[in-house]
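Heads up: the sequence shown begins at 882 in my numbering, then just goes up one per residue. Ideal placement from N, C-alpha and C gives every residue a C-beta, glycine not left out. Here is the structure we will look at.
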Amino acid sequence: MVSQELLEILRCPVCVQEGKGELEMVKEAWLVCHDCGRKYPIRDDIPVMLVEEGDKWQATAVEDLPVPPPPAAA
């Protein structure tokens, strides 16, 4: 699980450039950006903060996010 301390400092890698990008933990498996809606999976207790991952899930509704997140593509 991602600690509260880490969650407080993590920011969306796209929105942080504008001083935004606060993330919210959803379903204990995803970090969702309040500003752009990108969604970053948490795999093996490690947040995957790659822009490509956030882009892939941006249009997916929060309630439709799979738990656990699917494995990374090989």
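- Among the bridge pairs identified by DSSP, residue 892 is matched with 903.
- About 7 angstroms separates the beta carbons of residue 893 and residue 916, which is inside the 8 angstroms limit, making them a contact pair.
- Secondary structure note for residue 937: its alpha helix (DSSP H) is the uninterrupted segment 932-938.
- Counting along the chain, the unbroken beta strand (DSSP E) around residue 913 starts and ends at 911-914.
- Boundaries cannot be given for residue 919, as no beta strand (DSSP E) includes it and DSSP labels it neither H nor E.
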